[in-house]
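>
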Amino acid sequence: MIDTFARRADALARRSYYEATVRRPADDPALDDALDVDVCVIGAGFAGLSTALDCRARGLSVAVLDAHRPGWGASGRNGGQLIAGFAKDGEIERQLGAEGAREAWALSLDALALVDERIARHGIDCDLTRGYLTVATHPRRVPELRQWVDRATSRWGHPSLEWLDARAVRTRIASPRYVAGVHDPLSGHLHPLKYCLGLADAARREGVRLFSHTPALETVRGARPIVRTPSGEVRCRYVVACCNAGPGGVLPAATAARIAPVASYIVATEPLGADRSNTLIPQHEAICDNNFFLDYFRLSADHRMLFGGRASSAGASPDALVGAIRSRMIGAFPQLADVRIEFAWGGFVDVTRNRAPDFGAIDPNYFYLQGFSGHGVALTGIAGRIVANAIAGDTRAFDLFARLRHRRFPGGPAWRQPALALGMLYHRVRELLH
Numbered sequence: 001m002i003d004t005f006a007r008r009a010d011a012l013a014r015r016s017y018y019e020a021t022v023r024r025p026a027d028d029p030a031l032d033d034a035l036d037v038d039v040c041v042i043g044a045g046f047a048g049l050s051t052a053l054d055c056r057a058r059g060l061s062v063a064v065l066d067a068h069r070p071g072w073g074a075s076g077r078n079g080g081q082l083i084a085g086f087a088k089d090g091e092i093e094r095q096l097g098a099e100g101a102r103e104a105w106a107l108s109l110d111a112l113a114l115v116d117e118r119i120a121r122h123g124i125d126c127d128l129t130r131g132y133l134t135v136a137t138h139p140r141r142v143p144e145l146r147q148w149v150d151r152a153t154s155r156w157g158h159p160s161l162e163w164l165d166a167r168a169v170r171t172r173i174a175s176p177r178y179v180a181g182v183h184d185p186l187s188g189h190l191h192p193l194k195y196c197l198g199l200a201d202a203a204r205r206e207g208v209r210l211f212s213h214t215p216a217l218e219t220v221r222g223a224r225p226i227v228r229t230p231s232g233e234v235r236c237r238y239v240v241a242c243c244n245a246g247p248g249g250v251l252p253a254a255t256a257a258r259i260a261p262v263a264s265y266i267v268a269t270e271p272l273g274a275d276r277s278n279t280l281i282p283q284h285e286a287i288c289d290n291n292f293f294l295d296y297f298r299l300s301a302d303h304r305m306l307f308g309g310r311a312s313s314a315g316a317s318p319d320a321l322v323g324a325i326r327s328r329m330i331g332a333f334p335q336l337a338d339v340r341i342e343f344a345w346g347g348f349v350d351v352t353r354n355r356a357p358d359f360g361a362i363d364p365n366y367f368y369l370q371g372f373s374g375h376g377v378a379l380t381g382i383a384g385r386i387v388a389n390a391i392a393g394d395t396r397a398f399d400l401f402a403r404l405r406h407r408r409f410p411g412g413p414a415w416r417q418p419a420l421a422l423g424m425l426y427h428r429v430r431e432l433l434h
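Okay, so the sequence shown: first residue is 1 according to UniProt numbering, each after it adds one.
1. If you compare alpha carbons, which of E270, R237, T129 is closest to L190?
2. Could you tell me which residues DSSP pairs with H189 in its beta bridges?
3. Exposed or buried, Q81, counting other C-beta atoms within 10 Å across all chains shown (16 or more means buried)?
4. Quick one, which of A402, G381, A260, P230 has its alpha-carbon nearest F348's?
5. Measuring alpha carbon to alpha carbon, tell me which of D363, A286, N291 ends up nearest F297.
6. Span of the beta strand (DSSP E) holding D65?
7. For R407, is the classification buried or exposed, using 16 other Cβ atoms within 10 angstroms of its Cβ as the cut-off for buried?
8. Less than 8 Å between the beta carbons of V322 and E270, yes or no?
9. Could you check the C-alpha separation between residue 496 and C196 for me, to the nearest Å?
10. To the nearest angstrom, report how far apart E342 and V239 are at their CA atoms.
11. For a quick check, are the C-beta atoms of N244 and Q370 less than 8 Å apart?
12. Looking at C-beta atoms only, is the number of pairs between the segment 397-406 and the segment 65-74 that lie closer than 8 Å three or more?
13. Are three or more beta carbon pairs between the segment 157-169 and the segment 205-219 nearer than 8 Å?
14. Rank V179, I173, P192 by C-alpha distance to the C-alpha of L282 and give the top, closest one.
15. Less than 8 Å between the CB atoms is what I'm expecting for A67 and P215, so what's the real figure, rounded?
16. Give the DSSP bridge partners of E162, in chain order.
17. Could you spell out where the beta strand (DSSP E) holding L321 opens and where it closes?
18. In the DSSP assignment, what residue or residues form a beta bridge with D36?
19. By the DSSP assignment, the alpha helix (DSSP H) with W148 in it spans what residues?
20. Could you check the C-alpha separation between Y18 and D54 for me, to the nearest Å?
21. Can you tell which of R235, V169, L35, L145 has its C-alpha closest to the C-alpha of D89?
22. Assuming V387 contacts V234 under a Cβ cut-off of 8 Å, what Cβ separation, rounded to an integer in Å, is found between them?
23. Could you pull the start and end residues of the alpha helix (DSSP H) that A361 belongs to?
24. Quick check: what's the CA-CA separation for D184 versus T171?
25. Does DSSP put V429 in a helix, a strand or coil?
26. Would you list the one or two residues that DSSP bridges to G308?
27. So T137 and G181 are supposed to be a Cβ contact under 8 Å. How far apart are they, rounded?
28. Report yes if the CB atom of P318 is closer than 8 Å to the CB atom of A200, and no otherwise.
29. Less than 7 Å between C-beta atoms, sequence neighbours within five positions excluded: which residues of the same chain meet that for A106?
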């Protein structure tokens with residue numbers, strides 16, 4: 001199963017704009033010996049590297065294992081949207097209550113500030129741009145968006161959302177598709193792979209030991225856990241599993257069944273030039289609609305349109321979906337009908353059934369972070385800090401998120417994808433009918 005997932009994920013990234021616009025350092029070595037550390041982190045994406053940096057800042061020795069290399073998974077492939085809040089804010093409030101939801105939202109706003117802090121402290125050049133728009137494509141979607149704005153400002157503590165009517169939206173997006181929206185000046189976007197590689201470089205400089213091409217094969221639980229790899233092992237006091245959508249065989253089956261990988265796809269156009277790109281999104285916000293099967297898009301630093309969506313449970317080839325995604329892009333921006341697509345790639349997002357994040361502990365010294373459900377660029381950073389604080393003895397924030405209840409996806413791994421596909425088909429038909 002792991003090899004099959006890796007092959008599918010490799011195929012999704014072959015024409016990645018992000019990979020084409022970075023200079024990766026030489027791969028970290030594979031672990032080929034026994035190692036003793038305070039904390040063993042599994043996964044070198046945003047969550048794992050953030051955990052490692054915060055544990056190291058508390059004086060702990062840290063090793064990070066990755067089956068591939070930093071940024072290979074969702075952290076190096078996503079849309080780059082840096083977003084306040086959660087995928088389903090109402091679910092957070094339903095489970096945690098009004099006060100708990102406000103505390104969780106405060107942490108999500110802290111997550112945005114933490115990205116700024118990390119970029120400044122470690123000198124990470126990742127094209128950070130502030131400004132984010134959530135937009136409605138049809139009048140029937142407007143009341144839900146308006147209700148979300150009212151709750152986010154009056155109940156959850158967002159300090160600066162701005163409602164946009166149809167005319168205001170069209171001053172920010174040169175598109176006939178959108179009928180209302182909300183502007184969030186605190187959220188924004190960045191080049192995710194540049195950011196992830198910057199975190200990895202910062203971790204190395206801080207003394208974290210990174211090991212690439214080192215899958216975690218088994219975790220022996222106990223007072224001193226042992227994480228076994230093909231050619232070595234890590235003996236530690238704490239384990240933090242940050243595999244997310246990647247099947248590492250690390251977590252117990254019941255915990256792993258609480259997430260499912262959903263493939264999402266992005267295309268990047270040829271460079272449009274500054275003048276032309278500025279006519280499309282003059283203030284360069286990241287944009288996402290509020291449909292269940294949503295489109296998301298933004299301009300890159302080199303003036304390309306990056307346009308994504310087309311969620312799938314199966315992981316089809318991005319090349320096979322270029323036409324469909326391009327049609328969505330031209331539907332939003334008819335003026336791009338003459339533009340070539342230069343890159344097309346995809347990756348897997350780890351989603352929970354209720355779209356709430358799933359942070360928990362298998363044992364008092366064995367933590368996991370998963371289920372970011374499309375909000376991982378920001379939330380992973382604060383999640384890593386929350387776990388590091390819990391290891392250091394401050395469990396308040398960790399306990400807050402651990403109160404969130406999650407249900408498993410039905411069936412074992414072989415049935416999870418078909419079940420998810422049926423659920424997605426239901427929502428697609430429902431959206432078309434309404």
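Note that the Cβ used here is the ideal one computed from N, Cα and C, for glycine as well.
Since the structure is predicted, the reported quantities are computational estimates derived from the model, not experimental observations.
Based on what the coordinates show:
1. For the set E270, R237, T129, the Cα lying nearest the Cα of L190 is the one of T129.
2. Q81, T129
3. buried
4. A260
5. It is A286 whose Cα lies nearest to the Cα of F297.
6. One point to set straight first is that residue 65 is Leu, not Asp, in the sequence displayed. Note, L65: beta strand (DSSP E), 62-65.
7. exposed
8. No, Cβ-Cβ distance for V322 and E270 is not below 8 Å.
9. The question about residue 496 has no answer here: the residues shown for the chain are numbered 1 through 434.
10. 41 Å
11. yes
12. no
13. no
14. Residue 282 is actually Pro in this sequence, not Leu. The option with the nearest alpha carbon to P282 is I173.
15. 4 Å
16. Paired residue(s): H183.
17. Per DSSP, L321 belongs to no beta strand (DSSP E); it is in the alpha helix (DSSP H), 318-332.
18. The partner list for D36 (beta bridge, DSSP) reads R235.
19. 142-154
20. 26 Å
21. L145
22. About 17 Å separates the two Cβ atoms, so there is no contact after all.
23. That residue, A361, is in no alpha helix (DSSP H); its beta strand (DSSP E) goes 358-363.
24. 15 Å
25. Low per-residue confidence applies at V429: pLDDT is 40, beneath 50, and the placement is therefore not dependable enough to give any value.
26. I266, Y296
27. About 10 Å; that fails the 8 Å criterion.
28. Going by C-beta atoms, P318 is not nearer than 8 Å to A200.
29. G157
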